[in-house]
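**Q** When we follow the working numbering, the leftmost residue of the sequence shown carries the number 446, and every step to the right adds one.
Would you mind keeping the following structure in view while I ask a few things?
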Amino acid sequence: MRIFFVEWNAEHGKLMIDNLSSQYDTVKISRVLHRYKTIQKYIHFSFLKKLHTKAHAALKFKKITKNDLVICTGYSALAIIDIVATIPCKKIIIVRDTIEKLNYHMRKKGLLTQHESYLGKIRTVFNNVYSFDQLDCINHNMKFLPQFISFTSQQFLSYLPCNMENHSKECFYVGGYDTYRADTLNKIHSIISKLYYNTDFYLVTKNNAEKYPTCCKNVSLSYQENLEKIKNCEILVEINRLGQAGLTLRALEALFFNKKLITTNVEIKKCDFYSPDRIFIWDVDSIDNLATFMNQTLAPIDAKLMKSYTADTMIEKLINDNSI
């Protein structure tokens with residue numbers, strides 16, 4: 446079985462596929478819509494449009510056989526759904542956003558009408574839909590797939606010695622702007638700066654946000670830059686979107702690189718890696734205990750525990766679930 450990752454365009458996704466390629470027969474396919482829309486514009490009959498879609502798919506997906514597995518991302522799948530529908534093998538989607546957010550964005554992009562739902566449309570084509578958010582899985586009848594990092598378990602083992610190195614007394618955050626995050630980062634900054642920690646916060650927006658926090662930088666980071674900052678800091682900050690219960694990549698990056706985590710995610714207490722020495726839950730744990738939390742030394746993460754959240758464990762689950 447070959448595994449085809451279609452339109453995985455985020456940097457952390459591309460990194461994951463590259464990391465998996467040493468153990469699995471993986472193939473990246475991108476730019477599926479290249480020239481497709483331009484030609485479709487000039488075709489006026491529906492049957493000819495369908496013929497063109499099949500021909501375009503045959504060209505883009507010519508290497509895929511019925512024994513292979515196609516994996517799409519939740520964000521990109523809807524734009525290419527008509528083309529993907531022609532593929533003869535099993536097709537699955539990994540959703541790393543909430544369904545509410547996907548419905549909103551897909552309607553805004555014109556890929557859904559106000560009366561259509563994201564899941565209703567993709568389920569006509571895809572065999573399985575996986576999500577990292579357990580609450581969304583219960584509410585929308587999706588399969589739960591634990592959040593996973595872009596690295597393999599073997600890479601974790603090779604990185605273990607680095608986890609014992611000392612790093613700067615710095616607290617790092619990067620994420621998209623919203624007022625809740627801005628307010629939370631202001632509060633975190635005002636408290637931890639009194640504990641002699643530096644903050645390195647990147648809150649990214651394309652708009653002129655009112656009351657943008659002075660403790661933040663409106664600068665985008667590449668994923669590689671993000672990883673370098675994680676390696677060199679001591680504490681990561683994670684601020685989940687309101688209503689989001691699933692783990693984000695930030696929590697797993699903290700685990701992989703053995704960093705402390707300040708998070709707003711109350712549900713993280715249910716995770717097998719949770720420890721009050723490792724994770725401080727903002728607005729739940731007592732601020733009086735924050736200084737002790739920040740100054741203590743972390744023990745290394747157990748390799749068996751980390752393996753549950755690595756890319757190779759994720760891909761093995763998908764292969765087992767979707768084998769012919």
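Even glycine gets a Cβ: it sits at the ideal position worked out from N, Cα and C.
Note that the structure is a prediction, hence the values are computed from the model and not measured.
Measure the CB-CB distance between T629 and I684 and report whether it falls below 9 angstroms.
**A** The sequence position of residue 629 within the sequence shown is 184, counting from 1. The sequence position of residue 684 within the sequence shown is 239, counting from 1. Contact: yes.
**Q** My parser needs the alpha helix (DSSP H) runs of 4 or more residues fully inside the region 595 to 635; what are they?
**A** Segments of the alpha helix (DSSP H) lying fully in the region 595 to 635: 598 to 604.
**Q** What separation, rounded to the nearest whole angstrom, lies between the Cα atoms of L590 and I538?
**A** Here residue 590 refers to the residue found at position 145 of the sequence shown. Here residue 538 refers to the residue found at position 93 of the sequence shown. One Cα belongs to L590, the other to I538, and the distance between them is close to 11 angstroms.
**Q** What does the alpha-carbon distance come out to for the pair D747 and K536?
**A** The count along the sequence shown starts at 1 and reaches residue 747 at position 302. The count along the sequence shown starts at 1 and reaches residue 536 at position 91. Whole-angstrom Cα-Cα distance: 34 angstroms.
**Q** Look at K662 and Y641 and say whether their C-beta atoms are less than 9 angstroms apart.
**A** Along the sequence shown, one-based indexing puts residue 662 at 217. Along the sequence shown, one-based indexing puts residue 641 at 196. Cβ distance not < 9 angstroms, so K662 and Y641 don't count as in contact.
**Q** Is it buried or exposed, K508, if we count other Cβ atoms within 10 angstroms and call 16 or more buried?
**A** Counting from 1 along the sequence shown, the entry for residue 508 is found at position 63. Burial check for K508: the Cβ neighbour count within 10 Å stays below 16, so the residue is exposed.
**Q** With H, G and I counted as helix, E and B as strand and the rest as coil, what does DSSP make of F490?
**A** In the sequence shown, counting from the first residue as 1, residue 490 sits at position 45. F490: coil per DSSP, three-state reduction.
**Q** I'd like the ranges of any alpha helix (DSSP H) spanning at least 4 consecutive residues and lying wholly in the region 562 to 597.
**A** 563 to 567 and 579 to 585
**Q** L681 and I707 - do their beta-carbons sit closer together than 9 angstroms?
**A** Stepping through the sequence shown from its first residue, residue 707 is reached at position 262. Stepping through the sequence shown from its first residue, residue 681 is reached at position 236. It is a contact, given that the beta carbons lie within the stated cut-off.
**Q** Using the three-state DSSP reduction, which class does Y549 fall into: helix, strand or coil?
**A** Counting from one through the sequence shown, the residue named residue 549 turns up at place 104. Three-state result, Y549: helix.
**Q** I484 and V451 - do their beta-carbons sit closer together than 9 angstroms?
**A** Along the sequence shown, read from residue 1 onward, the residue named residue 451 stands at position 6. Along the sequence shown, read from residue 1 onward, the residue named residue 484 stands at position 39. Cβ atoms of V451 and I484: not closer than 9 angstroms.
**Q** Considering Cα atoms alone, identify which of Q689, N677, V711 and L687 is closest to E698.
**A** Counting from one through the sequence shown, the residue named residue 698 turns up at place 253. Of the candidates Q689, N677, V711 and L687, the one whose C-alpha sits nearest the C-alpha of E698 is N677.
**Q** May I have a chain-ordered list of the alpha helix (DSSP H) segments no shorter than 4 residues that lie completely inside the region 706 to 750?
**A** 735 to 740
**Q** Quick one, which of D578, D527, F596 and I488 has its alpha-carbon nearest Y754's?
**A** One-based indexing of the sequence shown puts residue 754 at position 309. When only C-alpha atoms are compared, the closest one is F596.
**Q** Taking the CB atoms as reference points, tell me whether F571 and A522 lie closer together than 9 angstroms.
**A** Reading the sequence shown from its first residue, position 126 is the one you call residue 571. Reading the sequence shown from its first residue, position 77 is the one you call residue 522. It is a contact, given that the beta carbons lie within the stated cut-off.
**Q** Run through DSSP, which three-state label would E683 get?
**A** The residue you call residue 683 lines up with position 238 of the sequence shown. If DSSP states are grouped into helix, strand and coil, E683 belongs with the strands.
**Q** Tell me the DSSP bridge mates of V472?
**A** As a working mapping, residue 472 is identified with position 27 in the sequence shown. In the DSSP output, where bridge partners are listed per residue, V472 has F449.
**Q** When DSSP labels each residue in this structure, what does D645 get in the three-state scheme?
**A** The sequence position of residue 645 within the sequence shown is 200, counting from 1. Reduced to three states, the DSSP call for D645 is strand.
**Q** Going by alpha carbons, who is nearest to P709 out of M751, D463, L564 and V729?
**A** As a first step, residue 709 must be located in the sequence shown, where it is residue number 264. Per the sequence shown, the amino acid found at residue 709 is Thr instead of Pro. It is V729.
**Q** Using only alpha-carbon positions, find the residue among C582, Y657, K704 and C616 that is nearest to S638.
**A** For the purposes of this step, residue 638 is taken as residue 193 along the sequence shown, with counting starting at 1. Cα-wise, what sits closest to S638 is C616.
**Q** Just mark D717 as buried or exposed, buried being the case when its beta carbon has 16 or more other beta carbons within 10 Å.
**A** The count along the sequence shown starts at 1 and reaches residue 717 at position 272. Exposed.
**Q** Which same chain residues, not among the five before or five after R723, have their C-beta less than 7 angstroms away from its C-beta?
**A** For the purposes of this step, residue 723 is identified with residue 278 of the sequence shown, where counting begins at 1. For R723, where only same-chain residues beyond five positions count, the Cβ hits under 7 angstroms are K705, L706 and L743.
**Q** Could you say which of L694, A524, I528 and N454 lies nearest to L557 if we only look at CA atoms?
**A** By one-based count along the sequence shown, residue 557 stands at place 112. Nearest of L694, A524, I528 and N454 to L557, Cα basis: A524.
**Q** Tell me, which residues are paired with K536 by DSSP?
**A** Residue mapping note: residue 536 aligns to position 91 of the sequence shown, counting from 1. DSSP lists V515 as partners of K536.
**Q** What does K662 pair with, by DSSP beta-bridge criteria?
**A** The count along the sequence shown starts at 1 and reaches residue 662 at position 217. In DSSP, K662 forms a bridge with Y647.
**Q** Tell whether a beta-carbon distance below 9 angstroms holds between T531 and T498.
**A** The count along the sequence shown starts at 1 and reaches residue 531 at position 86. The count along the sequence shown starts at 1 and reaches residue 498 at position 53. Yes.
**Q** Cβ of V540 within 9 angstroms of Cβ of S576?
**A** Position 95 of the sequence shown holds residue 540. Position 131 of the sequence shown holds residue 576. Their beta carbons are under 9 angstroms apart, which means V540 touches S576 by this criterion.
**Q** Enumerate in chain order the residues of its own chain whose CB-to-CB distance from I516 is below 6 angstroms, with the five nearest sequence positions on each side excluded.
**A** Sequence index remark: in the sequence shown, residue 516 carries index 71 (1-based). Excluding residues within five positions, the ones whose Cβ falls inside 6 angstroms are F450 and I537.
**Q** Please classify L465 as buried or exposed, where buried requires at least 16 neighbouring CB atoms within 10 angstroms.
**A** Position 20 of the sequence shown, counting from 1, holds the residue named residue 465. Classification of L465: buried, given that the 10 Å Cβ count is 16 or more.
**Q** Between I544 and I636, how many whole angstroms is the CB-CB distance? I'm expecting something under 8 angstroms.
**A** The residue you call residue 544 lines up with position 99 of the sequence shown. The residue you call residue 636 lines up with position 191 of the sequence shown. Actually they do not touch by this definition, with Cβ atoms about 34 angstroms apart.
**Q** Please look up how many angstroms separate the CB atoms of M771 and N512, rounded, as I've assumed it's under 8 angstroms.
**A** For the chain, the structure presents residues 446 to 769; residue 771 sits outside this window and is missing.
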